[in-house]
Each structure stands twice: as structure tokens, then as C-alpha cells.
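Taking it in order: structure first as C-alpha cells, then the write-up.
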Amino acid sequence: MATGRFAPSPTGPLHLGNLRTALLAWLFARRSGGRFLVRMEDLDRLQSSREHEAGQLADLAALGLDWDGPVVRQSERFDRYEAAIDRLDRAGLTYPCFCTRREIQEAASAPHAGPVPDGAYPGTCRHLTAAERAERAASGRPPALRLRAQVAELTVPDDVLGPLTAAVDDLVLRRNDGVPAYNLAVVVDDAAQHVEQVVRGDDLAGSAPRQRHLATLLGLPPVRYAHVPMVLAPTGHRLAKRDGATTLADQARAGRPPDVVLAALAASIGLATTGEAVTAALLRDRFDPGRVPRSPWVPGPELLGT
Ligand code: GLU
123 MATGRFAPSP TGPLHLGNLR TALLAWLFAR RSGGRFLVRM EDLDRLQSSR
173 EHEAGQLADL AALGLDWDGP VVRQSERFDR YEAAIDRLDR AGLTYPCFCT
223 RREIQEAASA PHAGPVPDGA YPGTCRHLTA AERAERAASG RPPALRLRAQ
273 VAELTVPDDV LGPLTAAVDD LVLRRNDGVP AYNLAVVVDD AAQHVEQVVR
323 GDDLAGSAPR QRHLATLLGL PPVRYAHVPM VLAPTGHRLA KRDGATTLAD
373 QARAGRPPDV VLAALAASIG LATTGEAVTA ALLRDRFDPG RVPRSPWVPG
423 PELLGT
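In terms of this note's numbering, the sequence shown opens at residue 123 and continues consecutively.
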């Protein structure tokens with residue numbers, strides 16, 4: 123029995139990929155009678171968040187995916203993130219970073235940079251002297267705050283993908299606009315909410331080692347990971363609006379109510395035959411975590427046709 127969660131960013135309607143990930147996260151948690159939580163990752167505090175949140179929750183409910191307790195919003199938890207930053211700060215595990223995005227790209231591709239994994243921070247500001255730091259601070263650009271990572275790479279087990287190895291760089295803890303960073307907020311919240319298993323899209327698999335390291339430095343218990351494959355358009359690219367009926371509302375407009383979409387999602391993970399009438403509860407009883415498909419799903423014309 124493991125507590126699980128679904129943590130969407132309320133920036134628009136959930137598309138088929140998000141819905142399939144939500145279904146899988148729900149199945150992992152519920153098959154063993156575990157709790158299932160929903161957390162809105164609205165760190166950017168966009169005005170439209172509440173509207174999208176309501177739409178996303180209605181979509182989960184329409185598929186029969188229920189959750190426990192109140193929905194948690196990251197926008198209301200900045201004090202927790204700051205407390206965690208404070209803790210790392212006091213342990214000497216942070217430093218200000220004045221780099222622009224461009225400087226980071228240039229430093230990472232410089233001939234003397236050494237091996238810097240894709241997208242990883244090359245550590246430019248880590249070794250600034252106090253004088254250099256003061257000089258850069260005087261330039262007026264507010265710094266981001268980074269973690270002084272204690273390892274360069276880490277392997278974490280994943281229940282779907284097997285062992286995941288990725289770089290652990292000096293990730294951002296607080297962005298230079300003052301907003302806590304995604305990696306920090308996720309780690310703090312998963313621990314505060316007693317989440318035991320994180321099921322999410324495999325586009326985030328590379329973040330798991332970073333997040334595990336951060337949890338360790340904060341003295342928080344490790345979570346188990348299960349990264350599930352993406353949903354792709356027939357072109358092989360990530361599913362986008364132009365690919366057709368990508369949201370539940372689009373599906374309904376095309377004459378396919380939520381139970382038809384649920385059946386198609388279930389068929390895509392081997393839990394139903396195409397067109398079979400199913401409920402979330404039935405899928406829960408059939409679900410075998412060891413048999414989650416490992417390759418991306420490309421919906422057919424039965425879902426993408428409008
Ligand atoms: N908020 C992230 C997203 O919508 C998911 C983060 C997570 O599950 O850790 O892609």
C-alpha cells in the first residue's frame with residue numbers, strides 16, 4: 123500500500139497524455155488501497171490557474187478518478203519551501219548564481235568546460251570569491267539560489283524503467299524572480315504529504331536523481347519512482363492541439379463521452395479490449411504494475427478524429 127499523487131500544472135486543460143498519466147498514478151495507488159492525492163503545481167501564481175484547476179479536477183472526476191483530502195496548491199506553500207531553503211543555506215549547501223541563460227549555455231559549450239551533461243549547470247558561480255560575488259551583486263541583476271550538490275551523478279530505481287542514472291547538477295532552489303524552483307517544491311511537498319510513490323510522465327525521469335539527492339540533503343525519506351511513457355502524435359512528436367481531439371472537452375464535442383475515453387486509455391495500457399465498457403474500479407482490479415507498457419502510446423483515429 124503506497125500513497126501516490128498526481129501533480130499537474132494548472133496551465134490549461136489536461137490532454138490525453140496527462141489523463142493517461144493520471145489514470146496510471148491512480149491505479150498504482152488504488153490497486154493496493156493506497157491514498158491518492160492531487161497537488162496543483164501553480165508556483166507561477168498565474169491568474170488563470172484557478173479556472174484551469176477546476177477544469178482539470180472535473181476531468182479527473184469525469185474519468186472516475188477520485189482523490190483523498192483537499193487539493194494542495196503550491197502557491198499557498200511558499201513558507202515551507204523557504205524553510206527548506208533556509209535549512210540548506212545554514213548547512214552551507216547553497217550559493218547565489220548570477221548567470222543568465224545565455225551565459226550558462228556558453229559556459230557549458232566552452233572547450234575547457236569539461237563534460238557537462240545536457241542541460242546541466244556547469245558550476246560557474248559555485249567558486250566565485252566573496253569579492254567577485256559582491257561585484258556581480260552590484261550589477262543589479264538579482265541572483266538565483268543554487269544547491270551545492272554533493273554528488274555529480276546518481277542512480278535511482280524506477281518501477282517501470284529500471285535503474286535510472288542521471289547527472290545531479292547544482293540545481294536552482296529559488297529562481298531569480300524569487301519564486302521557489304520546481305525541484306525543491308516537489309521534494310518538499312512529496313515529503314510533507316507523505317507521498318511514497320511518484321508516478322509521472324517519463325519526460326521527468328532525468329529529474330529523479332536530482333530530486334532524490336535533494337531529499338537526502340534535507341533529511342527527507344526517499345520516494346519510489348514509476349515514470350510512465352508519453353503519449354505521442356502519429357507524427358512521433360509530442361501530442362499538440364493541432365493533432366486533433368486532445369482534451370476531454372474535444373472528445374465530448376467529437377461525440378466521445380468520458381467513459382469512451384477511459385476505455386481507450388485502458389486499452390492503451392492493456393487493461394481492456396478496444397471499445398469494452400469499463401469503470402475505473404474495474405481497471406483497478408485488473409491493474410498489474412509489472413505490465414505497464416514501456417513504449418510511448420500513439421492514439422489512433424478512434425480518438426484523434428474530430
Ligand atoms: N507539475 C509537473 C507537470 O505537470 C509534474 C511534476 C511531478 O509529477 O513531479 O509536468
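Just so you know, even glycine gets a beta-carbon here, dropped at the ideal spot from N, CA and C.
Quantities reported herein were computed from a predicted structural model and do not represent experimental measurements.
Buried/exposed call for residue i, threshold 16 Cβ in 10 Å
i	result
alanine 289	buried
glycine 377	exposed
arginine 322	buried
alanine 151	buried
threonine 143	buried
alanine 399	exposed
glutamine 169	exposed
proline 343	exposed
glycine 191	exposed
threonine 246	buried
serine 390	buried
valine 345	buried
methionine 469	This structure cannot speak to residue 469, because the chain is shown only from 123 to 428.
threonine 369	buried
glutamine 227	exposed
valine 160	buried
glutamine 272	exposed
arginine 334	buried
Beta-carbon proximity list for residue i, same chain, < 6 Å, skipping 5 on both sides
i	result
leucine 393	Leu405 and Arg408
glutamine 373	Ala367 and Val383
alanine 303	Val294, Leu295 and Arg297
threonine 125	Gly156, Arg157, His316, Val317 and Glu318
arginine 153	Arg406 and Phe409
Chain-order list of residues whose beta-carbon lies under 7 Å from that of residue i (same chain, five-residue window excluded)
i	result
leucine 326	His349
leucine 145	Leu185, Leu187 and Leu387
aspartate 365	Ala355 and Leu426
alanine 362	Ala355
glutamate 424	Ala386
valine 278	Leu286, Ala330, Pro331, Arg334 and Tyr347
Pairwise C-alpha distance: residue j and residue i
i	j	result
leucine 179	alanine 232	46 Å
glycine 412	histidine 316	24 Å
arginine 209	proline 132	29 Å
arginine 270	threonine 216	5 Å
phenylalanine 128	asparagine 140	9 Å
aspartate 324	alanine 330	10 Å
serine 261	glycine 155	55 Å
proline 183	glycine 214	Before going further, note that residue 183 is alanine rather than proline in the sequence given. Each residue's Cα considered, the two are about 45 Å apart.
alanine 206	tyrosine 347	22 Å
glutamate 308	aspartate 211	The displayed chain sequence assigns valine, not glutamate, to residue 308. Going from the Cα of valine 308 to the Cα of aspartate 211 covers about 18 Å.
glutamate 225	valine 194	36 Å
valine 414	leucine 306	28 Å
alanine 337	alanine 259	29 Å
glutamate 204	glutamine 196	12 Å
aspartate 148	alanine 176	In the sequence as presented, aspartate is not what sits at residue 148; that position holds tryptophan. Cα to Cα, the separation comes out at about 18 Å.
leucine 138	aspartate 240	28 Å
valine 420	threonine 396	14 Å
glycine 358	proline 418	9 Å
Residue i CB to nearest heavy atom of ligand 1 below 8 Å
i	result
glycine 323	yes
alanine 129	yes
glutamate 163	yes
alanine 282	Per the sequence shown, the amino acid found at residue 282 is valine instead of alanine. No - ligand 1 has no heavy atom lying nearer than 8 Å to the Cβ of valine 282.
valine 278	no
tyrosine 304	yes
leucine 182	no
leucine 187	no
leucine 286	no
leucine 168	no
valine 350	no
valine 194	no
Beta-bridge pairing of residue i - partner residues as DSSP gives them
i	result
methionine 117	Past the edges of the chain, shown from 123 to 428, lies residue 117, and the structure says nothing about it.
glutamate 275	Ala289
leucine 267	Pro218 and Arg296
aspartate 280	Tyr347
Contact set for residue i: own chain, Cβ-Cβ below 8 Å, skip 5 residues either direction
i	result
aspartate 299	Pro264
histidine 174	Pro132, Thr133, Gly134 and Pro135
arginine 416	Val282, Leu283 and Pro351
CB contact check: residue i to chain B, cutoff 9 Å
i	result
alanine 256	The structure shown has no chain B; it contains just one protein chain.
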